[in-house]
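What follows is one structure encoded as structure tokens, with my remarks underneath.
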Amino acid sequence: MMNLAEYRQTAARLADFLPWAALVSEGVVLNKDGSFQRTARFRGPDLDSAVSAELVAVAGRLNNAFRRLGSGWAIFVEAQRHPVGAYPASRFPDAASALVDAERKADFEEDAAHFESSYFLTFTYLSPPEDLARTERWL
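Residue numbers (my numbering): 1022 to 1160.
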């Protein structure tokens, strides 16, 4: 899409190695090759404490969703696991709920370490060359 060779022949800076060209909309990145990229962050099960049957079920659902995308798509997944600090403070309207939470807090503080997993799902779409040429003619 963008011929950067006329400006500089060799990659000298970090920007030369990164694929991003511009932010074209809220959360949508136009890459230097003409593809579009969007990343979503979500929380899911902790991979070290999840049951294998649960992971297989999640993988099957994701596979069914991704195979419907068609051609031109690339999907990247990143998992980050980070320690959780203190138990979150909360208020309850009645004593029964507070008692249940007090037991949960005691269990939390009894264990040595707690982790939370954050996942990043990046979708990249590169339209077929004939669609790209048609779009360039409109511009």
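For every residue, glycine included, the Cβ atom is placed at its ideal position computed from N, Cα and C.
Using the Cα positions of residue i and residue j, report the straight-line distance between them to the nearest angstrom.
i	j	result
Ala1032	Ser1111	52 Å
Ser1148	Arg1088	17 Å
Leu1090	Val1050	19 Å
Pro1066	Glu1131	21 Å
Val1079	Gln1101	17 Å
Pro1104	Pro1114	30 Å
Phe1129	Trp1041	42 Å
Val1098	Gly1048	17 Å
How close, in whole Å, do the beta carbons of residue i and residue j come, if the pair is a contact with beta carbons under 8 Å?
i	j	result
Arg1062	Ser1139	6 Å
Leu1142	Thr1060	7 Å
In or out: residue i buried (at least 16 other Cβ within 10 Å) or exposed?
i	result
Ser1056	buried
Comparing alpha-carbon positions, which option in the options lies nearest residue i?
i	options	result
Phe1144	Asp1037, Asn1052, Gln1030, Leu1039	Asn1052
Phe1038	Asp1054, Gly1048, Trp1159	Asp1054
Which partner residues does residue i have in the DSSP bridge list?
i	result
Asn1052	Trp1041
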